[in-house]
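Student: Encoded as structure tokens, here's the structure I'll be asking about.
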Amino acid sequence: MLTLEFVPYHEIANLSSIGRIRKLLNIAKQNKIVLLEGRLKKEEETELIKTTMEEINDEFKGIELAVIYPTKGESDMFTKLKTNLVDMIAGNRLGLTIIGPASIVKAIKKDPTKIQLLTQEIKGKPKRKKK
Amino acid sequence: MIKFISSFISRIMNSLFKGRKNIKLGLYGPPNGGKTTLANRITKDWLGEEMGTVSPIPHETREIKIKEQIAIKSGKKELTFNLVDTPGIATKIDYEDFIKHGLSERESKKRAKEATKGVIEAIKWLDNVDAVIVVLDGTKDPFSQVNLTIIGNLAARNIPVLIVGNKIDLKKAKIKKIETAFPQYPVVGISAKFGTHMDEFYEALFTVFR
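Line order of the protein sequences matches chains A and B. The first sequence begins at 3 in our numbering and counts up by one. The second sequence begins at 33 in our numbering and counts up by one.
Structure representation (structure tokens):
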């Protein structure tokens, strides 16, 4: 079963950078796919990769990460100004961040109109816990 | 306006380089993009020796490697730098992928552990580099989040960047796609393996980092 956990931006807004990373990584390490409203700062994204590397072991293989952000593209001066203004007000609330554990998500492909989440093939049957 | 401000900052950054002898020029990018192949090409061209080993197995470079005092010249122009070859940055490392490349389980686990440390070191070194060449595999999708994160991080730090689209000797290479993905940066298409378009690459180094 695939579990997606939505994290509204207000849940991370008041956390420190390390607190944000910890929260998101902890969810991913529970084999859930994180859907974060908005995005991390660029330096937090890098820190997320660094922290992920520190925690890789035989069980946890890392993450797949994708940030979807409304593209500015070719637009007129007024639209650009409007977008910049929304950026200033909304900050990092705009967009969507997807973090999936590498054991479940093989790749995330972004396309201007769609997002493809390619999942790993499940090997064998799940083992039953011995009492 | 934004373009003007960014070019102004870039001019200030570049002027800071003038007169500095120990510019640290970092080679960054995802694994197997050809960073070490390019480092070897540069050091062979200007020092007559290679810098590191290359391999089709990802994460061959797992430690930071530095070659000091490389002076490149073109006419009256000269640029001296310390070249910093970094391990490829990835968001996941699975030792089983190395087993698929023919390594034993023990070797694979060791390689995976070293590779994770390598990525951490590469990220830490972002604080130390003065300028960066981002080496991308021209046959792969440039929109991968690792590429966007590395380049976004460098932009946030105001570090001058030159993007290299490597492996143009391969039919699948699409340099235009890299140019479209990062329109605000200069992009040079090369084949580090065969030395194709290296003159254009060195000219771009002079333009971006002087």
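Glycine residues also receive a C-beta, built at the ideal position from the N, C-alpha and C atoms. Note that the structure is predicted; figures quoted are calculated from it, not measured.
Between I70 (chain A) and chain B, is the shortest Cβ-Cβ distance under 8 Å, so that the two count as touching?
Tutor: No, I70 (chain A) lies away from the interface with chain B (no Cβ there is under 8 Å from its Cβ).
Student: Taking the straight line between their C-alpha atoms, what separation do you get for N28 (chain A) and I210 (chain B)?
Tutor: Each residue's alpha carbon lies about 34 Å from the other.
Student: What separation, rounded to the nearest whole angstrom, lies between the Cα atoms of D77 (chain B) and A224 (chain B)?
Tutor: In a straight line, the C-alpha of D77 (chain B) is about 11 Å away from that of A224 (chain B).
Student: Provide the residue(s) that pair with T228 (chain B) in DSSP beta bridges, ordered along the chain.
Tutor: T228 (chain B) pairs with B:S223.
Student: Should I58 (chain A) be listed as close to the ligand SAM, given that the test is whether its C-beta is under 7 Å from any heavy atom?
Tutor: The model on display carries no ligand, and the ligand SAM is accordingly not part of it.
Student: Any beta-carbon of chain B closer than 8 Å to the one on I58 (chain A)?
Tutor: With 8 Å as the cut-off, I58 (chain A) counts as an interface residue toward chain B.
Student: For E92 (chain B), count neighbouring Cβ atoms within 10 angstroms of its own Cβ and tell me buried if that reaches 16, exposed if not.
Tutor: Classification for E92 (chain B): buried.
Student: For K129 (chain A), which of helix, strand or coil comes out of DSSP?
Tutor: With a pLDDT of 49 at K129 (chain A), under the threshold of 50, the modelled position of that residue is not reliable, and the figure given next carries that caveat. Note: K129 (chain A) maps to coil in three-state DSSP.
Student: Applying the criterion that 16 or more other CB atoms from any shown protein chain within 10 Å of the CB defines a buried residue, is N16 (chain A) buried or exposed?
Tutor: N16 (chain A) should be labelled exposed.
Student: What is the rounded straight-line gap between the Cα of I89 (chain B) and the Cα of G64 (chain A)?
Tutor: The straight-line gap from Cα to Cα measures roughly 19 Å.
Student: What span of residues does the alpha helix (DSSP H) with N28 (chain A) cover, start to end?
Tutor: Looking at the DSSP string, the run of the alpha helix (DSSP H) that includes N28 (chain A) is S19 to K31.
Student: Taking 8 Å as the limit between beta carbons, can you name the residues of its chain near K132 (chain A), skipping five residues before and five after?
Tutor: Summary for K132 (chain A): the model assigns pLDDT 49, below 50, so the residue's position carries little reliability; its value from the coordinates is reported in the next sentence. Nothing listed; no residue qualifies.
Student: Residues of chain A with CB closer than 9 Å to the CB of G58 (chain B), please, in chain order.
Tutor: The contacting residues do not exist; G58 (chain B) stays about 14 Å from chain A at best.
Student: Nearest-angstrom Cα distance between G21 (chain A) and R95 (chain A)?
Tutor: In a straight line, the C-alpha of G21 (chain A) is about 17 Å away from that of R95 (chain A).
Student: Which residues in chain B sit within 7 Å of L67 (chain A), going by Cβ to Cβ distance?
Tutor: T123 and Q177, listed in chain order.
Student: Using a Cβ-Cβ cutoff of less than 7 Å, which residues in the same chain neighbour K132 (chain B) once the five nearest sequence positions on both sides are dropped?
Tutor: Cβ neighbours of K132 (chain B) beyond the five flanking positions: none.
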